[in-house]
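Adding 50 to a residue's 1-based position in the sequence shown gives its number in the working numbering. Take a look at the structure below.
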Amino acid sequence: MNLSAMLSSRIQNNRPVRVGLIGAGKFGSMILSQARHINGLHIMAVADLDLNKAQDSFQRVGWDTKSCFAGSAAEAVISGKTWLTDNAADICALSELDCIIEATGHPLFGVRHAVMALQQAKHVVMVNVEADVLCGPYLTQLADENNVIFSMAYGDQPAAICELVDWVRTNGFELISAGKGMNFQPHFRYSTPDTVWSYFGWSDEEVAAGDFNPKMYNSFTDGTKAAIEMAAVANATGLDCPDDGLAFYPAGLHDLARVFTPESAGGRLPKAGLLDIAASCEPDGRSVYNNINYGMFVTFKAPNEYSRDCFKQYGLLTDKSGWYGSMWRPFHLIGLETNTSVMSAVLRHEATGASRIWNADAVATAKRDLNAGEMLDGEGGYCVWAKAIPASQSHRIGALPIGLAHHVKLKHPVAKDQVVKMSDVELVDVDDIIGFRDKMVPLLTSS
Numbered sequence: 051m052n053l054s055a056m057l058s059s060r061i062q063n064n065r066p067v068r069v070g071l072i073g074a075g076k077f078g079s080m081i082l083s084q085a086r087h088i089n090g091l092h093i094m095a096v097a098d099l100d101l102n103k104a105q106d107s108f109q110r111v112g113w114d115t116k117s118c119f120a121g122s123a124a125e126a127v128i129s130g131k132t133w134l135t136d137n138a139a140d141i142c143a144l145s146e147l148d149c150i151i152e153a154t155g156h157p158l159f160g161v162r163h164a165v166m167a168l169q170q171a172k173h174v175v176m177v178n179v180e181a182d183v184l185c186g187p188y189l190t191q192l193a194d195e196n197n198v199i200f201s202m203a204y205g206d207q208p209a210a211i212c213e214l215v216d217w218v219r220t221n222g223f224e225l226i227s228a229g230k231g232m233n234f235q236p237h238f239r240y241s242t243p244d245t246v247w248s249y250f251g252w253s254d255e256e257v258a259a260g261d262f263n264p265k266m267y268n269s270f271t272d273g274t275k276a277a278i279e280m281a282a283v284a285n286a287t288g289l290d291c292p293d294d295g296l297a298f299y300p301a302g303l304h305d306l307a308r309v310f311t312p313e314s315a316g317g318r319l320p321k322a323g324l325l326d327i328a329a330s331c332e333p334d335g336r337s338v339y340n341n342i343n344y345g346m347f348v349t350f351k352a353p354n355e356y357s358r359d360c361f362k363q364y365g366l367l368t369d370k371s372g373w374y375g376s377m378w379r380p381f382h383l384i385g386l387e388t389n390t391s392v393m394s395a396v397l398r399h400e401a402t403g404a405s406r407i408w409n410a411d412a413v414a415t416a417k418r419d420l421n422a423g424e425m426l427d428g429e430g431g432y433c434v435w436a437k438a439i440p441a442s443q444s445h446r447i448g449a450l451p452i453g454l455a456h457h458v459k460l461k462h463p464v465a466k467d468q469v470v471k472m473s474d475v476e477l478v479d480v481d482d483i484i485g486f487r488d489k490m491v492p493l494l495t496s497s
């Protein structure tokens, strides 16, 4: 709880924290929005394939675009302004940078950017959970080898769940489960970019006025993003994903400790130690009372009768037995909070969540009957959704990770709701990614 004080010390010594941002989309814009209000933080360089769009992001969040840009990296260091480039490799090579934020959302580019940055001894804050779930355990190892930090992005739900899990373990409770809230009904699984906006209730005018990507929002709708995030949390915490994927149990705030406990204790989980989702809708569409649609939670068990009695005395929400309690955070502000990860990495040499084992995977699963010769279109598209399953299972069956399911051709038909396998597709130009995942095999844990 002293990051601001540590930053103040850097300011007094004229040592700003210099940051490079890769990707100036929605998340990147939120980071930029806060950065200009943080004394001692210097967004020294931003890389985006579309420089005009990047400039628009600066303008949209209130920067003075007539005076904030530098003509070169060297000028940015001296002036405190920001250098724009369309080449992420340029940023990774800047010796003056302390930390790089990867916010492209593209799994392959995200992994490759992180490798470049870590090999140049830069801390990396990985907004790109798609890249994290694809190769995160390897990237954490690479960070360790270069004495830098590879971290989840605070403000996003995975890092917030990791924080809650750490709170449970640090204070001596038995961790039972963790997860997040989400607007979900079973038929959402088959949503496409053509249908997605109807699930949000937004008008065409509202959609046109915002910086919204239909595939990204469809990834949230069809459960793919949930699978990606929960698999990444599993790799950071040692919790498991269910053998048949997330169940999306409808549950409100007062029911967390009842629902997210094992069946043997009256709950709905097959066993303790699982990640899952508290759906904010019943299967018939009714809203769950006191839902935690934007929140994150943990459930835990008191270690003894005295602690159980304290749960009651201090108003903790528990199940009927009083042994199981829940703690939650109601909201997350994604990019508006990510500077916590930057400062934690640079000033404390500490990650706000990091994938250290290979416990879970997010694998491509058919939205409909798919035919040989079809091209898969990846996360949030028309063809596949992601299922979060144990990594040991994914490795055993040769499942295709969702991060490799974009723009690849099917060699074999795959039936609706069946997992797509690596052998079912023609993979091109991903030998490096497959090699990184091969290096994760020693980090596999049994389900």
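A virtual CB, placed ideally from N, CA and C, is assigned to each residue, including glycine.
Neighbourhood of residue i by C-beta, 7 Å cutoff - its chain only, sequence neighbours within 5 removed
i    : result
A281 : V183, C291, A410, D411, A412, A438
A123 : A95, W133, L144
A276 : M232, L296, I327
V309 : Y299, A301, G317, R318
V218 : L225, V348, F350
A139 : M166
S497 : Per-residue confidence for S497 stands at a pLDDT of 45, beneath the threshold of 50, marking its modelled position as unreliable; the derived number appears in the next sentence. The answer, listed in chain order, is D290, D293, P440, S442, Q443.
K489 : Y188
Boundaries of the alpha helix (DSSP H) in which residue i is found, first to last residue
i    : result
D114 : D114 -> no alpha helix (DSSP H), and no H or E assigned at all.
A307 : 306 to 309
S79  : 76 to 85
V458 : That residue, V458, is in no alpha helix (DSSP H); its beta strand (DSSP E) goes 456 to 460.
V67  : Where V67 is concerned, there is no enclosing alpha helix (DSSP H), although the beta strand (DSSP E) it sits in stretches over 67 to 72.
D326 : Counting along the chain, D326 falls outside any alpha helix (DSSP H), though it belongs to the beta strand (DSSP E) covering 324 to 329.
I61  : 53 to 62
A281 : 274 to 287
A441 : 441 to 447
M266 : 264 to 271
T390 : 389 to 393
K362 : 355 to 363
E256 : 254 to 259
E125 : 123 to 129
D488 : 481 to 488
Residue span of the beta strand (DSSP E) that contains residue i, given as start and end
i    : result
W408 : Taken as a continuous stretch (DSSP letters only), W408 belongs to no beta strand (DSSP E), as it is neither H nor E.
W378 : 374 to 379
D427 : 425 to 427
I226 : 224 to 232
A95  : 91 to 97
F350 : 346 to 351
Cutoff 6 Å; reference residue i; Cβ partners in own chain excluding five residues on either side
i    : result
A465 : D419
F486 : C185, Y188
P243 : P264, K265, N268
N196 : L168, A171
Cβ pair residue i, residue j closer than 9 Å
i    : j    : result
I141 : A193 : no
E429 : K459 : no
L397 : L147 : no
S416 : D369 : Before going further, note that residue 416 is Ala rather than Ser in the sequence given. Their beta carbons are not under 9 Å apart, which means A416 does not touch D369 by this criterion.
S394 : I199 : yes
F347 : L289 : no
V392 : I72  : no
A449 : V470 : yes
A422 : H462 : yes
I483 : V257 : no
T388 : A203 : yes
S227 : L325 : yes
F19  : T274 : Nothing in the structure corresponds to residue 19, since the chain is present only between 51 and 497.
F262 : K103 : no
A455 : V434 : yes
V480 : L426 : no
Same chain, Cβ closer than 8 Å to residue i, neighbours up to 5 away in sequence not counted
i    : result
P66  : R60, G90, L91, H92, G130
Q109 : T115
Q105 : T115, F119, L134
G112 : S83, R86
### Task
Say whether the region 174 to 182 touches the region 153 to 160, bearing in mind that this needs 3 or more beta-carbon pairs closer than 8 Å, one atom from each stretch.
yes
### Message
Which complete alpha helix (DSSP H) runs does the region 134 to 219 hold, if anything under 4 residues is left out?
### Response
138 to 142, 157 to 169, 179 to 195
### Query
Can we say the region 347 to 361 touches the region 234 to 252, given the rule of at least three CB pairs closer than 8 Å?
At 8 Å Cβ cutoff, the stretches do not touch.
### At least 3 beta-carbon pairs within less than 8 Å: the region 396 to 404 vs the region 212 to 220
yes
### Query
Is the region 238 to 245 close to the region 371 to 382, with three or more CB pairs under 8 Å?
Inter-segment contact for the region 238 to 245 and the region 371 to 382 is absent: fewer than three beta-carbon pairs are separated by less than 8 Å.
### Message
Would the region 377 to 384 count as touching the region 309 to 325 if we require 3 or more Cβ pairs under 8 Å?
### Response
With a cut-off of 8 Å on Cβ pairs, the region 377 to 384 is not in contact with the region 309 to 325, counting fewer than three such pairs.
### Message
So, does the region 301 to 311 touch the region 324 to 338, judging by three or more C-beta pairs under 8 Å?
### Response
yes
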